[in-house]
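Asker: Remember, the numbering used here sits 197 above the position in the sequence shown when you count from 1. Submitted below is the structure of interest, expressed as structure tokens.
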Amino acid sequence: MKTLVLNLSGPLQSWGVGSRFSRRSTQTEPSKSGVLGLLAAAQGRPREASLDDLAALSLAVRVDMPGELVEDFHTARAPRSQSSNLSWRHYRSDAAYVAAVTGNDELVVGLSDALREPKFPLYMGRRSCPAPLNLVGGIVDNGNAEEVLRDLSATPWQASSQYRKNAPTEVRLPIARDARPGEIGESIYDVPVSFDPRHRKYDARIVVRPEPVLVRNDEGVKYADPFFQTVQEA
198 MKTLVLNLSG PLQSWGVGSR FSRRSTQTEP SKSGVLGLLA AAQGRPREAS
248 LDDLAALSLA VRVDMPGELV EDFHTARAPR SQSSNLSWRH YRSDAAYVAA
298 VTGNDELVVG LSDALREPKF PLYMGRRSCP APLNLVGGIV DNGNAEEVLR
348 DLSATPWQAS SQYRKNAPTE VRLPIARDAR PGEIGESIYD VPVSFDPRHR
398 KYDARIVVRP EPVLVRNDEG VKYADPFFQT VQEA
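What follows is the structure in structure tokens.
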């Protein structure tokens, strides 16, 4: 088993789960449907195609910079309509995540190649959120996605210089990962069964949040407020 590392950072990201109608929310970390959708786009996979092989991949995500929640208010009106459609769309601004996707060797290598020469444009949740140029962080010969994210030599901390200067000297990076058999966690409906716009369908997965990764930050504030650090990680 190999693990594909993805660097997900940029001005805007939006990872909605169950968003419908006028309010489009975002999670605090990338959703499995969003990450697998990005991989499917790189392959040029049609929306009607089976997603069984991608859904079987294991996902873990590390929050390197939580960013800020941004709300965007939209109005739209059809040419002959007397009323406007209103929507509120939420994004994570200036956030950075490291995602680890684990699966069989052939599939993981093929996905890495596809991301370097994608068939379709790559987005971080929505079309207004293009993926970064350094999206592919490499392939690690380790079938445990959480271990890959805890190894900072394999997956360095993706925080900006400005963020490091304002952060404390020790920073905790939260992790969210697919549960192993028998583990108890949070149930999230974000495993894509079909991306077909005529009948999109998602299954649930169990997400576990283990102990965060502790990072030493030599550029940080020596006497940071512990309460502020807790709020940042919430």
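C-beta: ideal position from N, C-alpha, C; glycine also. Remember, it's a predicted structure, so these values are computed and weren't measured experimentally.
Name the one or two DSSP bridge partners that Gln272 has.
Answerer: Reading the sequence as shown, one finds Thr at residue 272 and not Gln. Bridge partners of Thr272: Leu283.
Asker: Tell whether a beta-carbon distance below 8 Å holds between Asn414 and Pro353.
Answerer: No, Cβ-Cβ distance for Asn414 and Pro353 is not below 8 Å.
Asker: Can you look up Thr366 in the DSSP assignment and give me helix, strand or coil?
Answerer: Coil at Thr366, not helix or strand.
Asker: Can you tell me which of the three DSSP states Gln359 falls into?
Answerer: DSSP places Gln359 in helix when its eight states are reduced to three.
Asker: I'd like to know whether the C-beta atoms of Leu349 and Leu332 end up nearer to each other than 8 Å.
Answerer: Going by C-beta atoms, Leu349 is not nearer than 8 Å to Leu332.
Asker: Going by beta-carbon coordinates alone, are Tyr399 and Val405 separated by less than 8 Å?
Answerer: Result no, Cβ atoms of Tyr399 and Val405 do not sit closer than 8 Å.
Asker: Out of curiosity, what's the CA-to-CA distance linking Gln224 and His287?
Answerer: Straight-line Cα distance between these residues: approximately 9 Å.
Asker: Indicate whether Ala257 and Ala342 have their beta-carbon atoms separated by less than 8 Å.
Answerer: Yes.
Asker: Scan the segment 198-257 and note each continuous beta strand (DSSP E) run of 3 residues or more that stays entirely inside, going in chain order.
Answerer: The qualifying runs are 199-210.
Asker: Go through its chain and collect everything with a Cβ distance to Gly213's Cβ below 6 Å, but skip five positions before and after it.
Answerer: Only Arg221, Ser222, Thr223 meet the Cβ criterion.
Asker: For the segment 292-362, which segments carrying the beta strand (DSSP E) assignment without a break, of at least 3 residues, lie completely within its bounds, in sequence order?
Answerer: Complete beta strand (DSSP E) runs here, min 3: 333-337.
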